[in-house]
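Residue numbering for the sequence shown follows the numbering used here, starting at 15 and increasing by one per position.
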Amino acid sequence: MTANLLDFDLEGLAVFCEGLGEKRFRATQLFRWIHQRGASDFDQMSDLAKSLREKLKTTAHIAALPVLTQHISADGTIKWLFDVGDGNAVESVFIPEDDRGTLCVSSQAGCAVGCRFCSTGHQGFSRNLSTAEILAQLWFAEHFLRKHLNTEERVISNVVMMGMGEPLQNYSALVPALKAMLDDHGYGLSRRRVTVSTSGVVPMIDRLAQDCPVALAVSLHAPNDALRDVLVPLNRKYPIDELLQACERYLAHAPRDFITFEYCMLDGVNDQPEHARQLIELVQRHGHQGLRCKFNLIPFNPFPASGLHRSPQARVQEFAKTLLDAGIVTTVRKTRGDDIDAACGQLAGDVRDRTRVQERMSTQRQAQEQVIRFTPLSSSSASAKDPSQ
Ligand code: SAH
Ligand code: SF4
């Protein structure tokens, strides 16, 4: 089997090229063709020597993931379902906004953490994605959108690892993918525009700080261990105090950064005034003069069999006000793409009925030609205004 070049960050590609007896700068050229130009055919790469192109043809390939479906929401959000083989599928979501274009990327097929309120968690764990499978989501989305918006400019300005899976439980595949996103010869995204969201894998938070300190979002969801143990089972292994200490250490590596705490608002479960007060106390107890953080309150997106309900809007606002009054920056996340089940926590890879998934996938593959139809976004809503930030 030949190597999929989407599996490499620039360093990995340089090692691969050296193995072919080629100079390292060839890897830079190749990397740019792949990630900046979206090339998948070696014959397109006109500034590479013919001999190298021939060598690559026998040792390597550049393979995207097959797209099973594409859905476009009334608000412009696009969700793709990708086939990753053996009856597994993962989803990516593109969210256009006035000043940015964000891609929400999956890191695993399913998830082993099993959070109470998460559709992916209910699905169980199938397997880790490879670096190529993580990067292929960005590679496909970026070049697909450029083509359909008829632009040479970058469309995706931000990446959030908030799709299916727990990225820090797939660390070795995640880091090269992040490095390719940040690389100036790759996607050239600034470190603050790439966010890893985690349910709290403490040792890997420390490693990420060393290896690739991108923006960190922590899915907190509860202000005390008794409640968090139930909502986010990983808390039994890494309780809140240890998690917040890891956040403090992370910030030591990224002095001007802050941690984003995600908090899914569940009616009657974690949305009471007492919970807000406990959160304030928690944040104030950590870090020097309190932990540098921001709260993002997420209205719960229901899915069948969760047995949970979204907090009423007034209660979310009241909760936000309590945090704000204590000086904690707090936002309430706008729900995007919920008409196409693309909102947070609704990503289930469409494999809810696992017994029939193979059959459905082959039908979907046949229908693919018809399904992929693109409704152009307004160019202002999809272009990255200031990619350098
Ligand atoms: N596994 C990682 C990243 C993927 S989940 C994590 O848990 O952080 C991305 C975000 O969506 C997390 O904050 C998660 O808690 C939240 N989420 C999961 N299910 C949700 C739901 N049903 N409604 C709203 N947010 C949800
Ligand atoms: Fe996994 Fe994140 Fe869902 Fe929890 S919220 S089950 S960690 S994907």
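We treat Cβ as the ideally placed atom computed from N, Cα and C, and that holds for glycine.
DSSP puts Y277 in a beta bridge; with which residues?
-> In the sequence shown, counting from the first residue as 1, residue 277 sits at position 263. Note: Y277 sits in a beta bridge opposite L311.
If you draw a straight line from the alpha carbon of T369 to that of D97, how long is it in whole angstroms?
-> Looking up residue 369 in the sequence shown gives position 355. Looking up residue 97 in the sequence shown gives position 83. Below a pLDDT of 50, predicted positions are generally treated as unreliable, and T369, at 33, falls in that range; the measurement from the model is reported next regardless. The alpha-carbon atoms of T369 and D97 are separated by roughly 16 Å.
Opposing strand residues paired with D11 [DSSP bridges] | Look at the range of the chain in this structure, 15 to 403, and you will see that residue 11 is not part of it.
CB-CB under 8 Å to G33, same chain, minus the five flanking residues each way: which ones, in chain order?
-> Start at 1 with the first residue of the sequence shown, and residue 33 comes out as number 19. Nothing meets the Cβ criterion.
For H300, the three-state DSSP class (helix, strand or coil) | Counting from one through the sequence shown, the residue named residue 300 turns up at place 286. H300: coil per DSSP, three-state reduction.
Determine the burial state of T16: buried for a count of at least 16 other Cβ atoms within 10 Å of its Cβ, exposed for fewer.
-> Walking along the sequence shown from the start, residue 16 turns up at place 2. That one is exposed.
Ordered list of beta strand (DSSP E) runs contained in the segment 116–163, each at least 3 residues = Runs of beta strand (DSSP E) with 3 or more residues, each lying fully within the segment 116–163, are found at 122–124 and 139–142, listed in chain order.
N- and C-terminal bounds of the alpha helix (DSSP H) containing M195 = The sequence position of residue 195 within the sequence shown is 181, counting from 1. First-last of the alpha helix (DSSP H) with M195: Y185 to L196.
Assign Q380 to one of two classes, buried (16 or more other C-beta atoms within 10 Å of its C-beta) or exposed (fewer than that).
-> As a working note, residue 380 is residue 366 in the sequence shown. With a pLDDT of only 35 at Q380, under 50, the local geometry of the prediction cannot be trusted, and the value read off the model is given with reservation. When all chains shown are included, Q380 counts as exposed.
Terminal residues of the alpha helix (DSSP H) in which S204 lies | Position 190 of the sequence shown, counted from the first residue, corresponds to residue 204. Run containing S204: none; DSSP gives neither H nor E here.
Thinking just about the alpha-carbon of each residue, which of H157, G177 and L182 is nearest to the one in I170?
-> By 1-based counting over the sequence shown, the position of residue 170 is 156. Residue H157 is the option with its Cα nearest to I170.
Report the rounded CA-to-CA distance for A231 versus T274, giving the unit in angstroms.
-> For this step, residue 231 is matched to residue 217 along the sequence shown. For this step, residue 274 is matched to residue 260 along the sequence shown. C-alpha separation (whole angstroms): 5 Å.
Compare the beta carbon distance of N172 and T134 with 9 Å and say whether it is the shorter of the two.
-> Position 158 of the sequence shown, counted from the first residue, corresponds to residue 172. Position 120 of the sequence shown, counted from the first residue, corresponds to residue 134. Not closer than 9 Å, so no.
In terms of DSSP beta bridges, what is L230 paired with?
-> Counted from its first residue, the sequence shown places residue 230 at position 216. Secondary-structure assignment with DSSP links L230 through a beta bridge to V210.
Residue burial classification, N4 (beta-carbon count within 10 angstroms, cutoff 16) = Nothing about residue 4 can be read from this structure; the chain reaches only from 15 to 403.
Quick one: grab the DSSP three-state call for P45.
-> Stepping through the sequence shown from its first residue, residue 45 is reached at position 31. First, the residue type needs correcting, since residue 45 is Phe and not Pro in the sequence shown. In the structure shown, F45 sits in a helix (DSSP, three-state: H, G or I).
Give me whichever residues DSSP pairs with E111 in a beta bridge.
-> Reading the sequence shown from its first residue, position 97 is the one you call residue 111. BP columns for E111 point to R114.
Measure the Cβ-Cβ separation of T344 and L311 and say whether it is below 9 Å.
-> Locating residue 344 in the sequence shown gives position 330, where the first residue counts as 1. Locating residue 311 in the sequence shown gives position 297, where the first residue counts as 1. Yes; because the gap between Cβ atoms is below 9 Å, this pair is in contact.
What did DSSP end up calling V29 once you bin it into helix, strand or coil?
-> Sequence index remark: in the sequence shown, residue 29 carries index 15 (1-based). If DSSP states are grouped into helix, strand and coil, V29 belongs with the helices.
Around the ligand SF4, what residues have a beta-carbon under 5 Å from a heavy atom of it, in chain order?
-> C125, V127, C129, C132, T134, G135, E180 and S213
State the start and end residues of the unbroken alpha helix (DSSP H) segment that holds L257.
-> As a working note, residue 257 is residue 243 in the sequence shown. For L257, the enclosing alpha helix (DSSP H) begins and ends at I254 to H267.
Could you check if S65 is buried or exposed, using at least 16 other CB atoms within 10 Å of its CB as the buried criterion?
-> One-based indexing of the sequence shown puts residue 65 at position 51. By the 10 Å Cβ count, S65 comes out exposed.
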